[in-house]
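*Asks:* The structure's right below; bear with me while I get my questions together.
Protein chains in written order, with this note's numbering: chain Z, 10 to 139; chain H, 12 to 339.
So this is what it looks like as structure tokens:
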């Protein structure tokens, strides 16, 4: 049974932190298909967050097809999140390293690099929504 | 990394600009309402404790009531509980106007800031008293809760720690099985661990029974965790009322070089402007993109949002730094 950690100071909203932690646990094998997620009351007692936050997270996971709520029994894992094809991370990591080297040569410090990445994530996401 | 907050749905959270009256009849709710007010006002002789407040408290949710001292929070809670009558406006609580009769009172739990326990009596004594005083009473739940928290049932309540006393008071109120729980600064005097435990117990009770909670406080950080709805009072008026996630998604912070901001003011409602000689920082309502590339946008935290809307009540030294919508 996994336990959740909700950081109220994070820019990530609490319900999304829970969703991400479930996905991460599935990727890392800490949660397996058929496992039961902690009940809403268990999460709330442990983290002192709003029960609707937990419900929202579990609903999102259900919509994604990762878990299934069985009335009267709890919420259970259906499948693992689809991952990128093998080798994707190392390939992207290599091209990212070469971009970072270029940025540093151009005089950007780590903070500027992170800031540029954040803005680019936001603007590309907005383009996808638009 | 900054995530993109979800775009708000069709419900439009009500946002009042500083000092302006909230439109009558316009709620700020999501789903069925446990409490609904319209143009609610309360005067004590020459002093207006509450002015023209229009609020919706959604059922089954935990609503934060935030505002500086003297903003009217305690007055509002007392009106909800039927402990005082409004001077003007309408108020419906659990479907009826509040009144001092057993049926109405049985459905409401009110926990005042000065925890109302008899210091010489033990928790067990209070449980027994409660059975005689309340039409609905689940004394066993109090024993269960307090035992799980290792709070001694037979010790005089005055000899317990502040955190333990608060848990006793909460357990006793929950034993009434109210539909609505009103808490006036319940965690103000508690240490961080006691605060966390209190809020966990409260959130668990809501999860178990669909209880509606309105909780007043100063401590924005704690409330952000456990509350999903907010009512903000300042200067006796409602400044903000709505779902917290939606309100945060509706606002953003813009930082840029000090320059004319009229273009931005045309497309976004400016809540707060802060200027230094080189830079201007704006808190705006409206998540649409800003045309001016010189401005960098970022998400707002609940604390920043609350402070911005409380701006008018800020002490004079701070007020010099912040001006609202000042057109320059």
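Note that CB positions come from ideal geometry on N, CA and C, so glycine has one too.
Is any beta-carbon of chain H found at less than 8 Å from that of residue 54 of chain Z?
*Replies:* Residue 54 of chain Z counts as touching chain H.
*Asks:* Would residue 36 of chain Z count as contacting chain H if we go by Cβ distances under 8 Å?
*Replies:* Not closer than 8 Å to any Cβ of chain H, the Cβ of residue 36 of chain Z fails to qualify, so no.
*Asks:* Tell me, please, which residues DSSP counts as bridged to residue 341 of chain H.
*Replies:* Within the shown structure, residues of chain H are numbered from 12 to 339, placing residue 341 of chain H beyond reach of any answer.
*Asks:* Is DSSP giving residue 33 of chain Z helix, strand or coil here?
*Replies:* The answer is helix: DSSP assigns residue 33 of chain Z an H, G or I state.
*Asks:* Applying the 10 Å Cβ sphere with the 16-neighbour rule, what's the burial state of residue 74 of chain Z?
*Replies:* When all chains shown are included, residue 74 of chain Z counts as exposed.
*Asks:* Spell out the partners DSSP gives residue 262 of chain H in its beta bridges.
*Replies:* H/296, per the DSSP bridge assignment.
*Asks:* Count the other CB atoms within 10 Å of the CB of residue 226 of chain H; is the residue buried (16 or more) or exposed (fewer)?
*Replies:* Burial call: buried.
*Asks:* Determine the contact status of residue 77 of chain H and residue 317 of chain H, defining contact as a CB-CB distance below 8 Å.
*Replies:* Cβ atoms of residue 77 of chain H and residue 317 of chain H: closer than 8 Å.
*Asks:* Alpha carbon to alpha carbon, what distance is there between residue 222 of chain H and residue 187 of chain H?
*Replies:* Roughly 12 Å separates the two Cα atoms.
*Asks:* Select from the segment 230 to 257 of chain H all residues with a C-beta closer than 7 Å to any C-beta belonging to chain Z, and list them in chain order.
*Replies:* Answer set for the segment 230 to 257 of chain H: 232, 235, 236, 237, 238, 239, 256.
*Asks:* Following the continuous beta strand (DSSP E) through residue 250 of chain H, name the residue where it begins and the one where it ends.
*Replies:* 248 to 254 is the span of the beta strand (DSSP E), which, as asked, contains residue 250 of chain H.
*Asks:* Work out the CA separation of residue 86 of chain H and residue 95 of chain H for me, nearest whole Å.
*Replies:* Rounded to whole angstroms, residue 95 of chain H to residue 86 of chain H spans 8 Å at the Cα level.
*Asks:* Quick test of the definition: if touching needs 3 or more C-beta pairs under 8 Å, does the segment 98 to 115 of chain H touch the segment 263 to 274 of chain H?
*Replies:* With the cut-off at 8 Å, the segment 98 to 115 of chain H and the segment 263 to 274 of chain H do not touch.
*Asks:* So, at 7 Å on beta carbons, what are the nonlocal neighbours of residue 313 of chain H in its own chain, with the 5 sequence-adjacent residues on each side left out?
*Replies:* Here the set comprises 231, 235, 255, 259.
*Asks:* Does residue 166 of chain H come within less than 8 Å of chain Z when only Cβ atoms are used?
*Replies:* Chain Z, which has no Cβ nearer than 8 Å to the Cβ of residue 166 of chain H, makes this no.
*Asks:* Would you report the Cα separation of residue 341 of chain H and residue 127 of chain H, rounded to the nearest angstrom?
*Replies:* No answer is possible for residue 341 of chain H: it lies beyond the span of chain H, which begins at 12 and ends at 339.
*Asks:* What separation, rounded to the nearest whole angstrom, lies between the Cα atoms of residue 171 of chain H and residue 204 of chain H?
*Replies:* Their Cα atoms are separated by approximately 15 Å.
*Asks:* Can you pull the DSSP bridge partners for residue 267 of chain H?
*Replies:* DSSP, once it has assigned bridges, lists H/291 as partnering residue 267 of chain H.
*Asks:* I want to see whether chain H comes within less than 8 Å of residue 111 of chain Z, judged by CB atoms only; does it?
*Replies:* No, no contact with chain H.
*Asks:* Can you find a CB in chain H that lies within less than 8 Å of the CB of residue 62 of chain Z?
*Replies:* Yes, residue 62 of chain Z lies at the interface with chain H (some Cβ there is under 8 Å from its Cβ).
*Asks:* Mind checking residue 176 of chain H: buried by the 16 CB within 10 Å criterion, or exposed?
*Replies:* Classification of residue 176 of chain H: buried, given that the 10 Å Cβ count is 16 or more.
*Asks:* With C-beta atoms as the reference, is residue 50 of chain Z less than 8 Å away from residue 140 of chain H?
*Replies:* Taking 8 Å as the Cβ cut-off, residue 50 of chain Z and residue 140 of chain H do not qualify as a contacting pair.
*Asks:* Between H/69, H/100, H/70, H/54, which lies nearest to residue 82 of chain H when the distance is taken from Cα to Cα?
*Replies:* When each option's Cα is compared against that of residue 82 of chain H, the closest is H/54.
*Asks:* Can you check the segment 153 to 211 of chain H for any alpha helix (DSSP H) of at least 4 residues that lies completely inside it and give the ranges in chain order?
*Replies:* Fully enclosed alpha helix (DSSP H) runs of 4 or longer: 173 to 186.
*Asks:* Determine the DSSP secondary structure at residue 229 of chain H, reduced to helix, strand or coil.
*Replies:* DSSP places residue 229 of chain H in coil when its eight states are reduced to three.
*Asks:* Can you tell me whether residue 281 of chain H is helix, strand or coil according to DSSP?
*Replies:* Here residue 281 of chain H sits in strand by DSSP.
*Asks:* Residues in its own chain within less than 6 Å of residue 114 of chain H by CB, not counting five upstream and five downstream?
*Replies:* Nothing meets the Cβ criterion.
*Asks:* Please specify which runs of the alpha helix (DSSP H), each continuous and at least 4 residues long, are wholly inside the segment 67 to 99 of chain Z, giving them in chain order.
*Replies:* Taking only runs of at least 4 residues, no alpha helix (DSSP H) segment lies wholly in the segment 67 to 99 of chain Z.
*Asks:* Would the segment 41 to 52 of chain H count as touching the segment 62 to 73 of chain H if we require 3 or more Cβ pairs under 8 Å?
*Replies:* Counting Cβ pairs under 8 Å, three or more are found: they touch.
*Asks:* If contacts are defined as beta-carbon pairs under 8 Å, then residue 198 of chain H and residue 210 of chain H qualify, I think. What distance do you get, rounded to the angstrom?
*Replies:* Yes, they are in contact, since the Cβ atoms of residue 198 of chain H and residue 210 of chain H sit about 7 Å apart, within 8 Å.
*Asks:* By alpha-carbon positions, which one of H/302, H/129, H/289, H/262 ends up nearest to residue 277 of chain H?
*Replies:* Checking every option, the nearest Cα to that of residue 277 of chain H belongs to H/302.
*Asks:* With DSSP run on the structure shown, which of helix, strand or coil describes residue 152 of chain Z?
*Replies:* Only positions 10 to 139 of chain Z appear in this structure, which leaves residue 152 of chain Z out of reach.
*Asks:* Please give the ranges of any beta strand (DSSP E) in the segment 43 to 128 of chain H, keeping only runs that are unbroken, at least 3 residues long and fully inside the region.
*Replies:* As far as the segment 43 to 128 of chain H is concerned, its whole beta strand (DSSP E) runs of at least 3 residues are 44 to 55, 58 to 69, 73 to 77, 99 to 104, 119 to 122.
*Asks:* Note down the Cα distance separating residue 131 of chain Z from residue 310 of chain H, rounded to an integer number of angstroms.
*Replies:* Taking the straight line joining both Cα atoms gives about 11 Å.
*Asks:* List the residues that DSSP assigns as beta-bridge partners of residue 243 of chain H.
*Replies:* According to DSSP, which records beta bridges pairwise, residue 243 of chain H is partnered with H/77, H/251.
*Asks:* Strictly below 7 Å CB to CB, what residues from chain H border residue 57 of chain Z?
*Replies:* Within 7 Å Cβ-Cβ: 207, 210, 211, 214, 236, 237.
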